[in-house]
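Following my numbering, the numbering of the sequence shown begins with 355 at its first residue and continues without gaps.
Think of the CB as a built atom: it goes at the ideal place given N, C-alpha and C, for glycine as much as any other residue.
Working notes, structure below.
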Amino acid sequence: FIEEGLIYRLPWGLEAIRVRAQANQDVIADGAIIDDYEVGLVVPAIESGTLNRSAALLMQAGFNSRKAAIQAVRSTNATFTNSRQFKRWLTSDEVFDLASRFDWPTPETSTLWWKFVEEYQPTSESTWNVVNEYIPVVWLPEYIPQSGSFVKILNYDTGKTQVLRSDGEKVGLLQLRYDLIKTGIYY
355 FIEEGLIYRL PWGLEAIRVR AQANQDVIAD GAIIDDYEVG LVVPAIESGT
405 LNRSAALLMQ AGFNSRKAAI QAVRSTNATF TNSRQFKRWL TSDEVFDLAS
455 RFDWPTPETS TLWWKFVEEY QPTSESTWNV VNEYIPVVWL PEYIPQSGSF
505 VKILNYDTGK TQVLRSDGEK VGLLQLRYDL IKTGIYY
């Protein structure tokens, strides 16, 4: 009951109320709307058991000790409020130096911290970098490429790399087998 009702359904319900109130500009009292109140901490506080937004984000990212998350945030005076700031904090020299002492965030949770850092995988909210590279393509005769069109590049067992339109239709071949990026878009 506790996990199902309080950890999952209550935060989901509260978040649904907040989103609906924002979308409809519902008047709460005295002409105030939901955006007039700080409600962004309610759900993380229920899920993580702390009103410290940075500690709540650290726990939402997968660090499983509330006490150690609060200590990690307090000892570094961290004030991150979004994933980009969190990633910057997590990869900072200060955090690395503290963790390298093997008694941080607490002596009991140092191993847990290193396991978290090792397993932490950023979400798809990661910022992509633009990389420009000229890749010679042999286009199929019936296809006329348009500048800026998105394509998929796919390696097949034949040793060649195929160029596909967004609908999966083959439109060309690369002259060499290309070492593909794991995530991203080619155009």
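Spatial neighbours of residue i in its chain, beta-carbon cut-off 8 Å, leaving aside the 5 residues before and after
i	result
residue 391	382
residue 473	416
residue 380	374, 387, 388
Delimiting residues of the alpha helix (DSSP H) encompassing residue i
i	result
residue 467	464 to 473
residue 376	364 to 378
residue 397	396 to 402
C-beta contact flag for residue i and residue j at 9 Å
i	j	result
residue 425	residue 460	yes
residue 443	residue 452	no
residue 466	residue 408	no
residue 517	residue 491	yes
residue 388	residue 365	no
residue 494	residue 524	yes
C-alpha gap between residue i and residue j, whole angstroms
i	j	result
residue 445	residue 396	27 Å
residue 376	residue 415	26 Å
residue 505	residue 526	10 Å
residue 439	residue 496	48 Å
residue 369	residue 363	10 Å
residue 385	residue 374	17 Å
residue 447	residue 462	22 Å
residue 464	residue 432	18 Å
residue 522	residue 367	40 Å
Neighbourhood of residue i by C-beta, 7 Å cutoff - its chain only, sequence neighbours within 5 removed
i	result
residue 393	372
residue 513	531
residue 449	430, 443
residue 427	406, 408, 409, 412
residue 510	516
residue 489	528, 532
residue 434	408, 411, 440, 443
residue 404	410, 420, 424
Cutoff 6 Å; reference residue i; Cβ partners in own chain excluding five residues on either side
i	result
residue 413	402, 423
Range of the contiguous beta strand (DSSP E) that encloses residue i
i	result
residue 424	Looking at the DSSP string, residue 424 is not in any beta strand (DSSP E); the run it does join, the alpha helix (DSSP H), is 420 to 429.
residue 509	506 to 509
residue 493	491 to 493
residue 485	First-last for residue 485: undefined, no H or E at that position.
residue 383	381 to 383
residue 516	515 to 518
residue 527	524 to 528
is_contact[residue i, chain B] using C-beta, thresh 9 Å
i	result
residue 381	Although the question refers to chain B, the structure presented lacks it and comprises just one protein chain.
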